[in-house]
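Only one structure is covered here, and it is reproduced in the block below.
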Amino acid sequence: MCAESSGQLGSLIQLVEEIGSDEVDCVWLNTKSAARPTDVQHVYVFESPSALMPEDVAAALSELVTGRGYQIAVLASTRNGREISPRLAAKLKAGYVDGVVGIDKTNSELLFKRVSLGGAAVERVRINTAVKVISASLRAEAEEVHVEQPNAHCEYVPARAADLRKRVIEEKERKLGAGITGAQKIVAVGRGLKRKEDISSIEELAKTLGAAIGCTRPLTEDLRWCPADAQIGLSGCMVRPKLYVGIGISGQIQHIVGMRDSTVIVAINNDKKAPIFQHADYGIVGDLYKVVPEIIRQLKSN
Amino acid sequence: MKIAVLAKYCVDPANLRVASDGRIDVGGSLKKIGESDLNAVEEAVRIKEALGGSIHLYSLGPFEASKLLREALALGADKAYLIADLSIRNPDSYAAAYILSKAVKKQEPYDLILAGDASEDNYSGAVAIMLAELLGLPHVAYVIKLRLEENIARAERNLEDRIQLIEFTLPALVTVTPEINQPRFVSLLKVMQVPRDALIMLKLEDLGMSPEDYDRCVLREQVELTPILTARKNIMIEGDLSESARKLVETLRSEGVI
Chain A
198 MCAESSGQLG
208 SLIQLVEEIG
218 SDEVDCVWLN
228 TKSAARPTDV
238 QHVYVFESPS
248 ALMPEDVAAA
258 LSELVTGRGY
268 QIAVLASTRN
278 GREISPRLAA
288 KLKAGYVDGV
298 VGIDKTNSEL
308 LFKRVSLGGA
318 AVERVRINTA
328 VKVISASLRA
338 EAEEVHVEQP
348 NAHCEYVPAR
358 AADLRKRVIE
368 EKERKLGAGI
378 TGAQKIVAVG
388 RGLKRKEDIS
398 SIEELAKTLG
408 AAIGCTRPLT
418 EDLRWCPADA
428 QIGLSGCMVR
438 PKLYVGIGIS
448 GQIQHIVGMR
458 DSTVIVAINN
468 DKKAPIFQHA
478 DYGIVGDLYK
488 VVPEIIRQLK
498 SN
Chain B
906 MKIAVLAKYC
916 VDPANLRVAS
926 DGRIDVGGSL
936 KKIGESDLNA
946 VEEAVRIKEA
956 LGGSIHLYSL
966 GPFEASKLLR
976 EALALGADKA
986 YLIADLSIRN
996 PDSYAAAYIL
1006 SKAVKKQEPY
1016 DLILAGDASE
1026 DNYSGAVAIM
1036 LAELLGLPHV
1046 AYVIKLRLEE
1056 NIARAERNLE
1066 DRIQLIEFTL
1076 PALVTVTPEI
1086 NQPRFVSLLK
1096 VMQVPRDALI
1106 MLKLEDLGMS
1116 PEDYDRCVLR
1126 EQVELTPILT
1136 ARKNIMIEGD
1146 LSESARKLVE
1156 TLRSEGVI
């Protein structure tokens, strides 16, 4: 398994345990977090005088997999992992499954489970090659893994940065879903909102409930009314609050995937046929411009 | 500037057809060109408008995909290569990338290959990156801003937890996210004006591949597809405005969530 940070270890180890291997080694893709997790035999760290690009990491991993005879390489299904894994798989001509959420074992055959069709279905996939490359979906519930400090028992493997004629000039960290991941209550808004300034009534409802504000993709990417880190869904954040209130959201599957694990789901929409109602516990059909102020009034009145 | 754009013919997850036995009828569901692939076409057209050059689209799919490809051509591309062959059944990402690499190599060299970051149906984003590997090209993925100058390209890319500014030289493969642009509106007239010969159909044979070659590059297969069903209460709160708002607040209080 190949980890970028210790935060990913829990998810990777869970998946590796489901696969059921008696020998698990760990490769650190980021030297800063290099340490030895318990129950892991060998720990490798790539050593390079200059920064490694995904192309370089894939090349170094491919040598490691071939040289030491590994059968399965497991990476994290982050954007970075999704750049390295397909390169690695193509180099090894190994079957590749991304975003693996679990393993099905029947007659000792491994089937990899992944979410498909924009979140509408789960598919079970068989890999027909001896060497397999997997990217594992990170699990919010995965336990933190104890790692031995300091960098004891790490084997430093030299890796080469190829001249790719590309370089990183600047990097800005971004707090992803700062407000919404981990929030207990979320009020989310969608295209039902007519003007940007109308978001103030949504903000008032969120404030009254003590909730964070989330939104659908068009509100960040097309209209830019909300910050990118408020986006809930397949290309945004996955959230699972105790209470989710969706306002003026039709319920495109990309958005539903990001919120369907919430405990209680409320939907408010003027179209009684909006798909979101099928995914809601409680629904109100009505004009959000009338319903929202009324809910605020009711919340404040007692 | 010679540009190739990968355009996936994919299932539209927002319009899935469910068969009477509850299974998803993938074949019968509505199809579309991947949303971010259209952003890639739009970006290519903007580059062509600024620097001149040509745009070739590449797609894998049945003959029916030609209608959607004509719509993509109408955005401002010059040619579209549709690789349609009855031997191509359920390609995995490696098989798709391998076939595309054969097709692209026939028309090489390209200065830039563009593609969407991932298609809505599978959301793997693997084909373009595998193609870069097979063509021996560097890639820059998840690009939200792209600027090309004479000898240098600059891209801003979104890695979710960080934004990276990358400087690189062409040739390269770039994948874009929907944040990069808003594809222009294409009228029916524009689609009808696309020349007939702008769309070129290719078979595996044209790429020097036999059906056996194809079978050998399918490395994974789907065994089962199960719809995800969520059990929700689906209670519609009715009544006049203040009554329904009051009922909702009461219900949420009794559920203990507020």
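Keeping their order, the protein sequence lines are chains A and B. Each residue of the first sequence is one higher than the last, beginning at 198 in the working numbering. Each residue of the second sequence is one higher than the last, beginning at 906 in the working numbering. The beta carbon of each residue, even a glycine, is placed where N, CA and C say it ideally should be.
- With respect to the 7 angstroms criterion, Val330/A and Tyr293/A are classified as neighbours on the basis of their beta carbons.
- If you look at His1044/B, you'll find it in the beta strand (DSSP E) that goes His1044 to Leu1053.
- The C-beta of Gln205/A has 16 or more other C-beta atoms within 10 Å across all chains shown, which makes the residue buried.
- In chain order, Thr1135 and Arg1137 make up the part of chain B whose C-beta sits under 8 angstroms from the C-beta of His476/A.
- Shown here for Asp930/B: same chain residues with a beta carbon closer than 6 angstroms to its own, the five before and five after excluded, namely Arg922 and Ala924 in chain order.
- Interface criterion not met: the Cβ of Glu954/B is under 7 angstroms from no Cβ in chain A.
- CA-to-CA, the gap between Trp422/A and Val463/A works out to about 22 angstroms.
- Each residue's CA atom was taken as its position, placing Lys369/A and Glu418/A some 19 angstroms apart.
- Between Glu201/A and the set Gly299/A, Tyr267/A, Leu335/A and Asp295/A, the nearest pair of CA atoms involves Leu335/A.
- Around the CB of Lys497/A, fewer than 16 other CB atoms lie within 10 Å, so the residue is classed as exposed.
- Under the Cβ criterion of 7 angstroms, Gln428/A is not counted among the residues facing chain B.
- Here the C-alpha atom of Phe309/A lies approximately 5 angstroms from the C-alpha atom of Val322/A.
- Residues of chain B whose Cβ lies closer than 7 angstroms to the Cβ of Ala318/A are, in chain order, Ile929, Leu1130, Thr1131, Pro1132 and Ile1133.
- For Ile396/A and Leu402/A, the gap between their C-alpha atoms comes out near 10 angstroms.
- Within the stretch 437-462 of chain A, the residues whose Cβ lies closer than 8 angstroms to some Cβ of chain B are Lys439, Leu440, Gln449, Ile450, Gln451, Arg457, Thr460, Val461 and Ile462, listed in chain order.
- For Thr1156/B, the enclosing alpha helix (DSSP H) covers residues Leu1146 to Glu1160.
- Contacts between Gly1030/B and chain A, judged by CB atoms closer than 9 angstroms, involve Arg276, Arg279, Glu280, Pro283 and Asp295 in chain order.
- Within chain A, not a single residue places a beta-carbon under 7 angstroms from that of Arg1052/B; the smallest gap is close to 12 angstroms.
- For the 7 angstroms CB-CB criterion, Glu280/A and Pro246/A do not form a contact.
- For the stretch 321-338 of chain A, residues whose beta-carbon sits nearer than 7 angstroms to a beta-carbon of chain B comprise Arg321, Val322, Arg323, Ile324, Asn325 and Thr326.
- The criterion of a C-beta distance shorter than 7 angstroms is not satisfied by Leu987/B and Ser959/B.
- Taking each of Ile481/A, Lys391/A and Ser313/A in turn and checking the Cα distance to Arg1151/B, the smallest one comes out for Ile481/A.
- Annotated three-state conformation of His476/A is helix, per DSSP.
- Ranking Val1081/B, Leu962/B and Phe968/B by CA distance to the CA of Arg1052/B puts Val1081/B first.
- Between the beta-carbon of Gly316/A and that of Gln451/A there is about 7 angstroms, and that keeps the pair under the 8 angstroms contact cut.
- In this structure Glu345/A is not in contact with Ala231/A, their Cβ atoms being roughly 11 angstroms apart against a cut-off of 8 angstroms.
- Going by DSSP, Val1079/B is part of the beta strand (DSSP E) stretching over Ala1077 to Val1081.
- By the beta-carbon neighbour count (other beta carbons within 10 angstroms, threshold 16), Gly1041/B is exposed.
- Interface with chain A (7 angstroms Cβ-Cβ cutoff): Glu1084/B is included.
- Here the alpha carbon of Arg994/B sits roughly 32 angstroms from the alpha carbon of Gly433/A.
- Around the CB of Ala1136/B, fewer than 16 other CB atoms lie within 10 Å, so the residue is classed as exposed.
- Taken atom to atom, the span from the alpha-carbon of Asp301/A to that of Leu307/A is near 6 angstroms.
- Within the stretch 357-372 of chain A, the residues whose Cβ lies closer than 9 angstroms to some Cβ of chain B are Ala359, Leu361, Arg362, Lys363, Arg364, Val365, Ile366, Glu367, Glu368, Lys369, Glu370, Arg371 and Lys372, listed in chain order.
- The continuous alpha helix (DSSP H) containing Ile450/A extends over residues Ile450 to Met456.
- Cβ contact annotation for Ser1149/B (same chain, cutoff 7 angstroms, sequence separation greater than five): Ile1142 and Glu1143, in chain order.
- The C-alpha of Ser1029/B is placed about 26 angstroms away from the C-alpha of Glu1117/B.
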